[in-house]
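Asks: The structure follows.
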Amino acid sequence: MTILVTGANGQLGSHLRLLAPLSAKAWIFTDADELDITDRAAVDDFVAGHNIGLVINCAAYTNVDRAENDEETAMRVNATAVGNLAHAMQRHDGWLVHVSTDYVFGGNPNNRPCTEAQQPNPTCAYGRTKLAGEIEAQQCRSTIIRTSWLYSEFGKNFLLTMLRLTATQPQVKVVFDQTGTPTYAGDLAKAIFTIVESGAYLDHAGLYNYSNEGVCSWYDFAHAIAAYSGHTSCDIVPCHSGEFPSPVERPAYSVLDKTKFKQTFGISIPHWTDAMQRCIDNINQQ
Ligand SMILES: NC(=O)c1ccc[n+]([C@@H]2O[C@H](COP(=O)([O-])OP(=O)(O)OC[C@H]3O[C@@H](n4cnc5c(N)ncnc54)[C@H](OP(=O)(O)O)[C@@H]3O)[C@@H](O)[C@H]2O)c1
Numbered sequence: 000m001t002i003l004v005t006g007a008n009g010q011l012g013s014h015l016r017l018l019a020p021l022s023a024k025a026w027i028f029t030d031a032d033e034l035d036i037t038d039r040a041a042v043d044d045f046v047a048g049h050n051i052g053l054v055i056n057c058a059a060y061t062n063v064d065r066a067e068n069d070e071e072t073a074m075r076v077n078a079t080a081v082g083n084l085a086h087a088m089q090r091h092d093g094w095l096v097h098v099s100t101d102y103v104f105g106g107n108p109n110n111r112p113c114t115e116a117q118q119p120n121p122t123c124a125y126g127r128t129k130l131a132g133e134i135e136a137q138q139c140r141s142t143i144i145r146t147s148w149l150y151s152e153f154g155k156n157f158l159l160t161m162l163r164l165t166a167t168q169p170q171v172k173v174v175f176d177q178t179g180t181p182t183y184a185g186d187l188a189k190a191i192f193t194i195v196e197s198g199a200y201l202d203h204a205g206l207y208n209y210s211n212e213g214v215c216s217w218y219d220f221a222h223a224i225a226a227y228s229g230h231t232s233c234d235i236v237p238c239h240s241g242e243f244p245s246p247v248e249r250p251a252y253s254v255l256d257k258t259k260f261k262q263t264f265g266i267s268i269p270h271w272t273d274a275m276q277r278c279i280d281n282i283n284q285q
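Under this note's numbering, the sequence shown has 40 at position 41, and the numbering climbs by one with no breaks.
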């Protein structure tokens, strides 16, 4: 049985690539140019041809702003394609580990951490397509993990942007009215890797939340990134979301409650400040 990681050149996929050599199992990594998961026939052929028994789907249409104007494409990647993977896993008696998002929650009137039992209510196209993807993933035996505010050493993300801006600009404005939890892709990858390696997923199909521990606003996150990096000459100014006009209504409060994940898998989760420091240390060592 071989493990397939789709969307493997993204943030999460890149971190799974780093971990795979620690495994005795066989892993295959593909991105869109090697396996376009929106192509059902290609997915079926690949799964059959490589004896795939487990798919970890890291592929997604993650451009939240662009999804607002191209929901059809986002739906094809974030939902229809997940159905293709689920269909293939169902046919081959396999398993799908799928990654979703806190954006399935739009407004959270209670301002309390969201549990897996809470009714989703996406208020943007990206959130709607990811919620549709969760439903597709449930067509086969699956583990669905919702995460939030993903960043890493790879690709484009808030941490890399803030490292650059706070090093080069005298002032940076960052919103303080959106609250959540940053998640280091390295920690999420390690959690998924641990579950897959141990086989623990087999007894615990279902929906789980995973982010780093703690709560902050984007402003707090930017402030912590600059402080840890010694970028003290940049004035980081808290501002309201309205100062950055966007077609997307982002969740004002989307902290994920991770109790179920921790109790089920017995995995402790690092605090976001600790995770941020490890990521910046890794960047500085590159
Ligand atoms: N980023 C966040 O802040 C965040 C927050 C919460 C949840 N998530 C979820 O976490 C997961 C991993 O996110 P990430 O940040 O690692 O994503 P990412 O860096 O944007 O990587 C996604 C990868 O999927 C590939 N891809 C796109 N369309 C594809 C297709 N049709 N077939 C195969 N591959 C395709 C992309 O390739 P191209 O670059 O060539 O398009 C890219 O390499 C996703 O499910 C995402 O929705 C992300």
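Virtual Cβ for every residue (Gly too), placed ideally from N, Cα, C.
What did DSSP end up calling S232 once you bin it into helix, strand or coil?
Replies: Three-state DSSP puts S232 in coil, outside helix and strand.
Asks: Given V289, which residues of its chain have a CB within under 8 Å of its CB, disregarding the five upstream and five downstream residues?
Replies: The structure shown does not extend to residue 289, since the chain is modelled only from 0 to 285, so the question has no answer here.
Asks: For I36, verify whether its CB is less than 7 Å away from any heavy atom of ligand 1.
Replies: Indeed, a heavy atom of ligand 1 lies less than 7 Å from the Cβ.
Asks: Can you find a heavy atom of ligand 1 that lies under 7 Å from the Cβ of G179?
Replies: Not so, every heavy atom of ligand 1 lies at least 7 Å from the Cβ.
Asks: Between the region 77–96 and the region 56–63, do at least 3 Cβ pairs fall closer than 8 Å?
Replies: Cβ pair count under 8 Å is three or more, so yes.
Asks: Output the distance between the C-alpha atoms of S197 and D186, rounded to the nearest integer angstrom.
Replies: So the two alpha carbons sit approximately 17 Å from each other.
Asks: May I ask which residues mark the beginning and end of the alpha helix (DSSP H) holding A25?
Replies: It is not in any alpha helix (DSSP H) - A25 instead sits in the beta strand (DSSP E) that spans A25 to F28.
Asks: Return the CA-CA distance between F243 and D38, expressed in angstroms with no decimal places.
Replies: Each residue's Cα considered, the two are about 36 Å apart.
Asks: Is C57 near ligand 1, judged by its Cβ being under 7 Å from some heavy atom?
Replies: Checking the Cβ of C57 against ligand 1 gives yes.
Asks: Comparing alpha-carbon positions, which option in L17, T180, S245 and T160 lies nearest N214?
Replies: Position check: residue 214 holds Val in this sequence, whereas Asn was assumed. It is T180.
Asks: Report buried or exposed for K129, applying the criterion of at least 16 other Cβ atoms within 10 angstroms of its Cβ.
Replies: With 16 or more other Cβ atoms within 10 Å, it is buried.
Asks: Flag Y60 as yes when its Cβ comes closer than 7 Å to any non-hydrogen atom of ligand 1, and as no otherwise.
Replies: Yes.
Asks: Indicate whether V247 and C113 have their beta-carbon atoms separated by less than 8 Å.
Replies: Their beta carbons are not under 8 Å apart, which means V247 does not touch C113 by this criterion.
Asks: Which whole runs of the beta strand (DSSP E) in the region 135–186 are 3 residues long or more, in chain order?
Replies: The region 135–186 contains these whole beta strand (DSSP E) runs: 141–146 and 170–174.
Asks: Please return the same chain residues whose Cβ sits closer than 8 Å to the Cβ of T165, not counting the five positions on each side in sequence.
Replies: Excluding positions up to five away in sequence, the list reads V171, A221, I224, A225, S228, H230, C233 and I235.
Asks: Could I get the ranges of all uninterrupted alpha helix (DSSP H) runs contained in the region 202–263, with 4 residues as the minimum, in chain order?
Replies: DSSP runs (the alpha helix (DSSP H)) wholly in the region 202–263: 217–228.
Asks: How big is the Cα-Cα spacing for N62 and Y125?
Replies: Approximately 8 Å between the Cα atoms of the pair.
Asks: What span of residues does the alpha helix (DSSP H) with N68 cover, start to end?
Replies: V63 to N68 is the span of the alpha helix (DSSP H), which, as asked, contains N68.
Asks: DSSP three-state call for H49: helix, strand or coil?
Replies: Coil at H49, not helix or strand.
Asks: Would you say I51 and T100 are within 8 Å of each other, going by their C-beta atoms?
Replies: Contact: no.
Asks: Tell me whether Q138, by its Cβ, gets closer than 7 Å to a heavy atom of ligand 1.
Replies: Answer for Q138: no, Cβ out of range of ligand 1.
Asks: Between F264, T263 and C278, which has its C-alpha nearest H270's C-alpha?
Replies: Of the listed residues, the one whose Cα sits closest to H270 is C278.
Asks: Inspect the beta-carbon positions of H14 and V46 and report whether they are closer than 8 Å.
Replies: Contact flag unset, no.
Asks: Let me confirm a value: S245 is counted as buried when at least 16 other C-beta atoms fall within 10 Å, else exposed. Which label applies?
Replies: Exposed is the call here.
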